[in-house]
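Q: Heads up: the protein sequence lines correspond to chains A and B, in order.
Quick note on the numbering used here: the first sequence kicks off at 1272 and runs consecutively.
Quick note on the numbering used here: the second sequence kicks off at 1272 and runs consecutively.
Glycine included, C-beta positions come from ideal geometry on N, C-alpha and C.
My structure is below; once you've seen it, I'll send some questions.
2 protein chains.
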Amino acid sequence: MASKPSIPQGTRDFSPAEVSKRQYIIQTIKTNFEKFGFQPIETPSFENSDTLMGKYGEEGDRLIFKILNSGNFFFNKNKIELPQSLEVLQTNSAETINVDQRIELNKFTSRISEKALRYDLTVPFARYVVQHQNEIEFPFKRYQIQPVWRADRPQKGRFREFFQCDADVVGSKSLWQEVELVQLYDTVFTSLGLEGVTIKINNRKILSGIAEVIGASDKLIDFTVALDKLDKIGEDGVKKEMIEKGISETALVKLQPLFSFSGTFADKIKQLSELLASSEEGMKGVEELKFICDNVAELGLSTAILDLDVTLARGLNYYTGAIFEVAAPKTVSIGSIGGGGRYDDLTGIFGLKNMSGVGISFGLDRIYLVLEELQLFPETVAATSKALFVNYGDKEALYASQAIQKLRQENIKVELYPDNVKVGKQFQYADKRLIPFAVIAGDQEIASNSYSLKNLVTGEQVSVDFEGLKNALLA
Amino acid sequence: MASKPSIPQGTRDFSPAEVSKRQYIIQTIKTNFEKFGFQPIETPSFENSDTLMGKYGEEGDRLIFKILNSGNFFFNKNKIELPQSLEVLQTNSAETINVDQRIELNKFTSRISEKALRYDLTVPFARYVVQHQNEIEFPFKRYQIQPVWRADRPQKGRFREFFQCDADVVGSKSLWQEVELVQLYDTVFTSLGLEGVTIKINNRKILSGIAEVIGASDKLIDFTVALDKLDKIGEDGVKKEMIEKGISETALVKLQPLFSFSGTFADKIKQLSELLASSEEGMKGVEELKFICDNVAELGLSTAILDLDVTLARGLNYYTGAIFEVAAPKTVSIGSIGGGGRYDDLTGIFGLKNMSGVGISFGLDRIYLVLEELQLFPETVAATSKALFVNYGDKEALYASQAIQKLRQENIKVELYPDNVKVGKQFQYADKRLIPFAVIAGDQEIASNSYSLKNLVTGEQVSVDFEGLKNALLA
């Protein structure tokens, strides 16, 4: 093999420094998940195709990575029927494929592939809950931190393999969980040193209520998709899009208060209550929002800001109650670093009805970028050794190894340079590895049962006994 | 969907208790890897097919999970040629397929699949080293703990998705690394409370030397495969197999000392030196073994036993120097719980020559079974809450939440039962979750700013203020 090997588009190798930083974020999230009573589960990387297919819409189905049946996939129980129109298919491009051809192609695909890589953690979680319902004590507070795979077109910041970090509660409709999830976001981001994130909150019932009172209930999706763009395209842009989608001028007039929606939380609740007075569902949403925000305010947040944002929609079809999204502090321009909400029928797709769930997710890759940009990673995050013992030959290496063994028993990370090469090369290795100390032990040190400890940053060198060495490296 | 959902054959869901136990093992391994100066890397779950194919033999190629090209895989740059003999293939079974048909099938497979799930961590590591050679400071001590996938026929204890935990050093031939890897095994298993494991050691050069002196160099593989079975089929069985493979009676006579190979380490070295006196390679192997074992003995092991086992071969084609295998204490009957060795040309497959490597691996699933059987998991391993706050309604839940918030700031895991349901049901939840305490706070407690703390094991209940609550839960 002549050319340098490479990895598939949209995937990544992580270097030691990168793994350490990612692990620092994951560990912080995990510790706080557990502090809030969430328990870990893990599910297989691939699921049966029928568990995943049809759960993410047509686009999602296309983006699911399918695994070829193993062994000689042609020898299944039955003969595989090749697509009749295969010849035609091959002369066409993907774009011009017609519905019949797609059905035929999908049929063929499903014959040679029965498993697929998971696309998110939510559907496998729903599958897990239904499959293990008799072993689970509800309400079930689970967290899950595992990679997912999507055959998205790779681009900056979008990967084909990435981690999701989810915490969900299933089996209870209590709004105290929404209160706790807001606190959990606050606690995690505060622990990471990322102060001042904005936790935006909205409620699906409020969006439905607004659509109802402006007489656009039948256009709920179009309405919310347009409203969600207020940040990006402004008031005029949103109005233009709504009109294009068939929402009336009269409706837009009723909607006007939303475009100048501001003030304190109490002000916003008041405006919403007036706007939604005639909608039972809308008022239910207002009440839920008020319960969550009042209790969060009563308890107080450490550094995060809770903000009512009526334009927030996210995956609207999915959420039925609260909707959350977290934005990084204003100095960093990046999309949301977390999101979630309540979904009243999580497990219905697998035949278990009436299981309300609520959950939040942390965007590992974006949080990484934010911490990097704001230089919030602790200096100690890298998993590097505290000292390198210089190798002067076998006798000296044994003397060094005796000290190394005792230091490791004190949980101090130290290592021996494996080869007896020029000292300059050994120091260079320590330098590149960011190891702060070198320990030198030759004939003289062995004779006096001591060690020369060199600070590789200042160049300072001292002679110490083992206790002195241990204390210097523990410091 | 009427029937209960399921997961693919050979894969597993992990419950909270299982994840916690697995994480405990992984964390112990990780901490010790880092203490010994190893740094973490991570590679993508799938690699380009040509990175993996042809690296594990024909059997391995068949067991690699292939990923179907995403989108409409029929529409690649070029037209896909279907196997000419597809009709014939479909009427045959997998076993009767001939070479030409297999080639044709493989060609077709490679047209519809260009990526594959990683089969082990070694080949991706070699690929990583070659791809990033200019960023790496050698010797490179890396560890990697990630899942791998194999399309093996699922059976008890053999899975299609499982974790590997590997530590390797690449770029140095120093035998001090073998010394340290033996210490690392000892340290990890001692940390896990698994005392008395046997670390078997051998050397490829000794096996080659033996084959040489008995005049069977051309039958090295057959010879070692047979010798490796001494444990299972006994002396007579091994001899019978060797004769079947064409090894002469005269050779077997020379081999005789190996069948009664015993005594102290020094005795064994003496016997080997006599047997191998005429083989330069064999004597080099003896010298290497002696260096490693002498230095390990000089430094001492905590609880593990190092044992020279001349029958140990493992993947012989792979290793060029030391060979390691770890056996659980005799009371547990299970295969090896770890293994490794030195391979002089790790990265040659990707065009980077002369990179000697040495590494060891820990078998997570088997270690789990051993710890379970010997009841060595600490009781505190489960990620469960320390106390459940009983929910008596919104006013009481707010009072509870205020205490919960402060307790979590002290890193105490506590949770509020989300719903105001019968107390019995809430206690039952605590019981099933193995939560040891319940905190009761109703009107009376709120009025006196106190909490009733109930020990769910003893039934004992005391009234405490917040400090008392905190101290009781910290204990």
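Hey, would you say Gly1610/B sits closer than 7 Å to Ala1438/B, going by beta carbons?
A: Their beta carbons are not under 7 Å apart, which means Gly1610/B does not touch Ala1438/B by this criterion.
Q: Quick check on Pro1689/A: does DSSP put it in helix, strand or coil?
A: In the structure shown, Pro1689/A sits in coil (DSSP, three-state: anything other than H, G, I, E or B).
Q: The region 1585–1604 of chain A: which residues have C-beta closer than 9 Å to a C-beta of chain B, in chain order?
A: Residues: none.
Q: Under the rule that 16 or more other beta-carbon atoms within 10 Å means buried, what is Val1419/B, buried or exposed?
A: Per the 10 Å Cβ criterion, buried.
Q: List the endpoints of the continuous alpha helix (DSSP H) containing Phe1648/A.
A: Segment: none, Phe1648/A is in no alpha helix (DSSP H) and carries neither H nor E.
Q: Which of the three DSSP states is assigned to Pro1528/A in this structure?
A: Here Pro1528/A sits in helix by DSSP.
Q: In terms of alpha-carbon separation, which member of Tyr1639/A, Ser1607/A and Ala1575/A lies closest to Ile1584/A?
A: First, the residue type needs correcting, since residue 1584/A is Ala and not Ile in the sequence shown. Closest option to Ala1584/A, Cα to Cα, is Ser1607/A.
Q: Let me see if you follow: with CB-CB separation under 7 Å, is Tyr1414/A close to chain B or not?
A: Not closer than 7 Å to any Cβ of chain B, the Cβ of Tyr1414/A fails to qualify, so no.
Q: As an exercise, report each continuous beta strand (DSSP E) stretch of at least 3 residues that is fully enclosed by the region 1696–1743 of chain A, in chain order.
A: As far as the region 1696–1743 of chain A is concerned, its whole beta strand (DSSP E) runs of at least 3 residues are 1708–1711, 1722–1726 and 1732–1735.
Q: Just to confirm, is the Cβ distance from Pro1315/A to Glu1432/B under 7 Å?
A: Their beta carbons are under 7 Å apart, which means Pro1315/A touches Glu1432/B by this criterion.
Q: For Lys1510/A, does the three-state DSSP call read helix, strand or coil?
A: Looking at Lys1510/A - three-state DSSP - the assignment turns out to be helix.
Q: Check Pro1418/A in the structure and name its three-state DSSP category.
A: In the structure shown, Pro1418/A sits in a strand (DSSP, three-state: E or B).
Q: Roughly how many angstroms separate the alpha carbons of Leu1647/B and Gly1634/B, rounded to a whole number?
A: If I take the Cα positions, the gap works out to 16 Å.
Q: Please name the residue in Ile1383/B, Ile1518/B, Ser1604/B and Lys1541/B whose C-alpha comes closest to that of Asp1489/B.
A: Minimum Cα distance to Asp1489/B is reached at Ile1518/B.
Q: Which same chain residues end up closer than 8 Å to Pro1425/A when comparing Cβ atoms and leaving out the 5 residues on each side of it in sequence?
A: Correct list, in chain order: Gln1280, Gly1281 and Arg1431.
Q: Go ahead and pull the three-state DSSP assignment for Pro1311/A.
A: The answer is strand: DSSP assigns Pro1311/A an E or B state.
Q: So, with DSSP's three-state summary, where would you put Tyr1327/A?
A: In the structure shown, Tyr1327/A sits in coil (DSSP, three-state: anything other than H, G, I, E or B).
Q: Taking 6 Å as the cut-off, is the C-beta of Glu1558/A nearer than that to any heavy atom in the ligand MN?
A: Among the components modelled here there is no ligand, and therefore nothing to report on the ligand MN.
Q: Cβ of Ala1668/A less than 7 Å from any chain B Cβ?
A: Interface residue, yes.
Q: Listed in chain order, which residues of the region 1519–1541 of chain A have Cβ atoms closer than 7 Å to some Cβ of chain B?
A: The residues in question: there are none.
Q: Are any of the Cβ atoms in chain B nearer than 7 Å to that of Asp1284/A?
A: So, interface residue.
Q: Within this structure, are the beta carbons of Arg1429/A and Tyr1590/A separated by less than 7 Å?
A: Contact flag unset, no.
Q: Any Cβ of chain B within less than 7 Å of the Cβ of Pro1287/A?
A: Closer than 7 Å to some Cβ of chain B, the Cβ of Pro1287/A qualifies, so yes.
Q: Distance cutoff 7 Å, beta carbons only. Does Asn1319/B sit that close to anything in chain A?
A: Output row for Asn1319/B: interface = yes.
Q: To the nearest angstrom, how far is it from the Cα of Glu1329/A to the Cα of Val1603/A?
A: Straight-line Cα distance between these residues: approximately 34 Å.
Q: Shortest alpha-carbon distance to Phe1660/A belongs to which of Ser1632/A, Ile1638/A and Val1692/A?
A: It is Val1692/A whose Cα lies nearest to the Cα of Phe1660/A.
Q: Using a Cβ-Cβ cut-off of 7 Å, state whether Ala1308/A counts as contacting chain B.
A: Looking at the sequence provided, one finds Gly at residue 1308/A rather than Ala. It does: the Cβ of Gly1308/A has a partner Cβ on chain B nearer than 7 Å.
Q: How many angstroms separate the CA atom of Gly1308/A from the CA atom of Ser1291/B?
A: Near 14 Å, if we compare the C-alpha coordinates of Ser1291/B and Gly1308/A.
Q: Please check if any C-beta of chain B sits within less than 7 Å of the C-beta of Ile1576/A.
A: Closer than 7 Å: no.
Q: Return the first residue and the last residue of the beta strand (DSSP E) that Tyr1589/A is part of.
A: Element bounds for Tyr1589/A: n/a, residue is neither H nor E.
Q: Note down, in chain order, every chain B residue with its Cβ under 9 Å from the Cβ of Val1440/A.
A: By Cβ distance, chain B contributes Pro1689.
Q: Output the residue ranges of the beta strand (DSSP E) runs that lie fully inside the region 1401–1487 of chain B and measure 3 residues or longer, sorted by chain position.
A: Counting whole runs of 3 or more residues, the region 1401–1487 of chain B contains the beta strand (DSSP E) stretches 1411–1420, 1432–1441 and 1469–1474.
Q: Pull out every residue of the region 1694–1708 of chain B whose Cβ sits closer than 7 Å to any Cβ of chain A, in chain order.
A: Listed by position along the chain: Tyr1700, Lys1703 and Arg1704.
Q: Could you tell me which residues DSSP pairs with Lys1378/B in its beta bridges?
A: Per DSSP, none; premise fails for Lys1378/B.
Q: Using 8 Å as the Cβ pair cut-off and three pairs as the minimum, do the region 1487–1504 of chain B and the region 1613–1624 of chain B touch?
A: Touching, no, given that fewer than three Cβ pairs across the two stretches are closer than 8 Å.
Q: So, Leu1339/B versus Leu1560/A, is the Cβ gap smaller than 7 Å?
A: No, Cβ-Cβ distance for Leu1339/B and Leu1560/A is not below 7 Å.
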